[in-house]
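A short worksheet on the structure shown next.
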Amino acid sequence: MIDKQIASAAQAVADIPDGASLAVGGFGLSGNPMTLIEALHAQGTTELSVVSNNCGVDDWGLGILLGSQRIRKMTSSYVGENKEFERQFLEGDLELELTPQGTLAEKLRAGGSGIAAFFTQTGVGTQVAEGGLPRRHNPDGSVAVASPVKEVRSFDFHGEQRDFVLEESITTDFALVHAFKGDRHGNLVFNKAARNFNPLAAMAGRVCIAQVEQLVEPGEIDADSIHLPGVFVHRVVEVGGDIEKRIERRTVRPSTDSATQGGN
5 MIDKQIASAA QAVADIPDGA SLAVGGFGLS GNPMTLIEAL HAQGTTELSV VSNNCGVDDW
65 GLGILLGSQR IRKMTSSYVG ENKEFERQFL EGDLELELTP QGTLAEKLRA GGSGIAAFFT
125 QTGVGTQVAE GGLPRRHNPD GSVAVASPVK EVRSFDFHGE QRDFVLEESI TTDFALVHAF
185 KGDRHGNLVF NKAARNFNPL AAMAGRVCIA QVEQLVEPGE IDADSIHLPG VFVHRVVEVG
245 GDIEKRIERR TVRPSTDSAT QGGN
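Take the sequence shown: its letters are residues 5 to 268, numbered as in the working numbering.
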């Protein structure tokens, strides 16, 4: 029997070295593997190259690593909500590879599936394909590193010739993900919106570390209910269900008086 349970988050991330590449699950602040991120922050790992949909906010998610200047490069599709991210990028302290969201998801999935590259229509006719997007600035604001030109090829698609841009897949040294439930073999179940980039990030990491709210015995999760099989997961840490879960912006609709007036 393969028991992948690790006693603590600190032990689970202890061998992540300076300069490592990470695929990290989450969308906004939903499904962020916070316990693992905090453990990585506590051990002082730096010069990280991180692939994640976004970089959290100033004091939560990947933002806590960014705020301590532990991240050298971000590969993301959304970079809002984080003033420190903006400052570091514009002042030349952070490299950014901005990637369309669907393309980023497919790059991670492809990497985990053993596919080296793929063609997509997304980005054709833009700087995504033609190059020139700033990746790193000089301190004076000029562009130090720009995105390269990518191969574009025409294919017969649905009876017409269309252009497609070649995108390389992503694999990373490690992956950090959050799941609602897992067993000691690494089979994972994600809850609602937390099933966002977490399965894809897990697939892309050569070593995947999963924090789970509930840890159960092998066989207790129905096979048809497993969202990610344990073949992609190498370490599992139970963090409990009472961990803090934040949202970026709480929006509520004003209540109506219909309920108090007997309306349905």
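Even glycine gets a Cβ: it sits at the ideal position worked out from N, Cα and C.
| Item | Value |
| --- | --- |
| Please classify E217 as buried or exposed, where buried requires at least 16 neighbouring CB atoms within 10 angstroms. | buried |
| Give the C-beta separation of N57 and F201 to the nearest angstrom, bearing in mind that I take them to be a contact with Cβ-Cβ under 8 Å. | 5 Å |
| Is the Cβ-Cβ distance between L3 and L137 less than 9 Å? | This structure gives no information on residue 3, because the portion of the chain shown stretches from 5 to 268. |
| Find the nearest neighbour of N191 within the set L69, L170, E221, T175, judged by alpha-carbon distance. | E221 |
| Three-state secondary structure (DSSP) at T124? | strand |
| To test your reading of the DSSP string, which unbroken beta strand (DSSP E) runs of 3 or more residues are found completely within the stretch 18 to 99? | 25 to 28, 52 to 55, 75 to 80 |
| When the distance is taken between beta carbons, is G67 closer than 9 Å to F89? | yes |
| Can you tell me whether F139 is buried or exposed? The criterion is at least 16 other CB atoms within 10 Å of its CB, across all chains shown. | Note on identity: in this sequence residue 139 is Arg, with Phe being the wrong assignment. Buried. |
| Considering only their Cβ atoms, is the gap separating G60 from H33 smaller than 9 Å? | Correcting the residue identity first, residue 33 is Leu in this sequence and not His. Their beta carbons are under 9 Å apart, which means L33 touches G60 by this criterion. |
| Hey, could you find the ends of the alpha helix (DSSP H) K111 is sitting in? | 105 to 116 |
| Is DSSP giving A183 helix, strand or coil here? | strand |
| Would you mind working out which of I41, S80, K154 sits nearest L69, comparing C-alpha positions? | I41 |
| Relative to the alpha-carbon of K3, which residue among V193, A208, A11 has its alpha-carbon at the smallest distance? | The first residue shown for the chain is 5 and the last is 268, placing residue 3 beyond what the model contains. |
| Smallest Cα separation from G48: which of Q73, Q215, Q9? | Q73 |
| Leaving out five residues before and five after A13 in sequence, what residues of the same chain have Cβ atoms less than 6 Å from its Cβ? | T39, L40, A43, V241 |
| Considering just the uninterrupted stretch of the beta strand (DSSP E) at E134, what are its terminal residues? | Unbroken run through E134 is the alpha helix (DSSP H), 131 to 134; no beta strand (DSSP E). |
| Would you check if the distance between the CB atom of I174 and the CB atom of L100 is smaller than 9 Å? | no |
| To the nearest angstrom, how far is it from the Cα of T130 to the Cα of A27? | 26 Å |
| So if DSSP puts A214 in a beta bridge, which residue, or which two residues, is it bridged to? | V181, V240 |
| Please report the straight-line C-alpha distance between A18 and K8, rounded to a whole angstrom. | 15 Å |
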